[in-house]
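S.K.: Sharing a structure, written as structure tokens. Questions coming.
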Amino acid sequence: MNTMNCDQNCNLLDAKALGNWGEDIARQYIEQQGLKIVTTNYKTKVGEIDIIAKNGLTYHFIEIKARRGVTHGLPREAVSKRKQKHIKQAAMYFIRDLRSQNRKWKELSFDVVEVYVHEDLKATIHYMPQCFM
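Note that UniProt numbering numbers the sequence shown so that position 99 is 99, with each residue one more than the last.
Structure below.
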């Protein structure tokens with residue numbers, strides 16, 4: 001777990017703003033963990049992947065979920081089986097692109113980053129590598 005701050009102009013009452021801020025914080029955190037971000041918001045006809053990062057020959061397909069609390073459940077619980085399926089299908093498009101560029105990979109990891117925003121505008125980050133297969 002890691003804690004980061006939201007700047008004073010951050011409006012976290014709006015769900016979209018909360019999501020965007022959560023993605024920004026997660027990107028910073030992922031980079032601090034030594035992963036190299038390859039792309040963000042990778043869109044395909046079957047779904048979107050928030051962050052694709054790599055560490056050596058391992059590619060991480062990362063879903064970010066930001067919440068103000070756990071009243072509606074844990075953030076990772078919002079990554080339903082259906083959502084997981086869409087992420088995996090979108091990842092296969094990315095792998096197809098790698099193959100077409102003759103680029104190599106060894107492992108795929110489907111990860112979740114939970115961003116909990118507290119009342120004092122600090123966030124707690126929980127990174128779960130290989131959260132689903």
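Here a beta-carbon is modelled for each residue, glycine too, at the ideal position from N, C-alpha and C.
Everything numeric in this text was worked out from a predicted model, so none of it was measured.
(1) Under the three-state reduction of DSSP, which class applies to Ser-100: helix, strand or coil?
(2) To the nearest angstrom, report how far apart Tyr-42 and Lys-85 are at their CA atoms.
(3) If we count Cβ pairs, one from each stretch, closer than 8 angstroms, do we get three or more for the stretch 75 to 91 versus the stretch 31 to 50?
(4) Check whether the Cβ atoms of Val-112 and Met-128 lie closer than 8 angstroms to each other.
(5) For Val-115 and Gly-22, which I take to be in contact (beta-carbon distance under 8 angstroms), what is that distance rounded to the nearest angstrom?
(6) Under three-state DSSP, which class holds Leu-18?
(7) Closer than 8 angstroms by C-beta to Arg-27: which residues in its own chain qualify, once you throw out the five before and the five after it? Chain order, please.
(8) Taking C-alpha atoms, which residue in Leu-74, Leu-35, Lys-81, Ser-100 lies nearest to Thr-124?
(9) Going by CA-CA distance only, name the one from Arg-96, Arg-76, Asp-120 that's closest to His-126.
(10) So, at 7 angstroms on beta carbons, what are the nonlocal neighbours of Gln-8 in its own chain, with the 5 sequence-adjacent residues on each side left out?
(11) Under the DSSP definition of a beta bridge, which residues are partnered with Thr-39?
(12) Would you report the Cα separation of Lys-54 and Gln-33, rounded to the nearest angstrom?
M.R.: The short version:
(1) Start at 1 with the first residue of the sequence shown, and residue 100 comes out as number 100. Three-state result, Ser-100: helix.
(2) Translated into positions along the sequence shown, residue 42 becomes position 42. Translated into positions along the sequence shown, residue 85 becomes position 85. C-alpha separation (whole angstroms): 15 angstroms.
(3) yes
(4) Here residue 112 corresponds to residue number 112 of the sequence shown, with the count starting at 1. Here residue 128 corresponds to residue number 128 of the sequence shown, with the count starting at 1. Their beta carbons are under 8 angstroms apart, which means Val-112 touches Met-128 by this criterion.
(5) Locating residue 115 in the sequence shown gives position 115, counting from the first residue. Locating residue 22 in the sequence shown gives position 22, counting from the first residue. The pair is a contact, with the Cβ atoms about 4 angstroms apart (cut-off 8 angstroms).
(6) Within the sequence shown, numbered from 1, the residue matching residue 18 stands at position 18. Helix at Leu-18.
(7) Translated into the one-based positions of the sequence shown, residue 27 becomes position 27. Only Ile-37, Thr-40, Ile-51 meet the Cβ criterion.
(8) On the sequence shown, residue 124 is found 124 positions in, with the first residue counted as 1. Answer by Cα proximity: Leu-74.
(9) For the purposes of this step, residue 126 is taken as residue 126 along the sequence shown, with counting starting at 1. Measuring from the Cα of His-126, the nearest candidate turns out to be Arg-76.
(10) As a first step, residue 8 must be located in the sequence shown, where it is residue number 8. Any answer about Gln-8 is weak, because its pLDDT of 47 lies below 50 and its placement is not dependable; what the coordinates show is given next. Here the set comprises nothing.
(11) For the purposes of this step, residue 39 is taken as the residue at position 39 of the sequence shown. Note: Thr-39 sits in a beta bridge opposite Ile-52.
(12) For the purposes of this step, residue 54 is taken as residue 54 along the sequence shown, with counting starting at 1. For the purposes of this step, residue 33 is taken as residue 33 along the sequence shown, with counting starting at 1. Roughly 11 angstroms separates the two Cα atoms.
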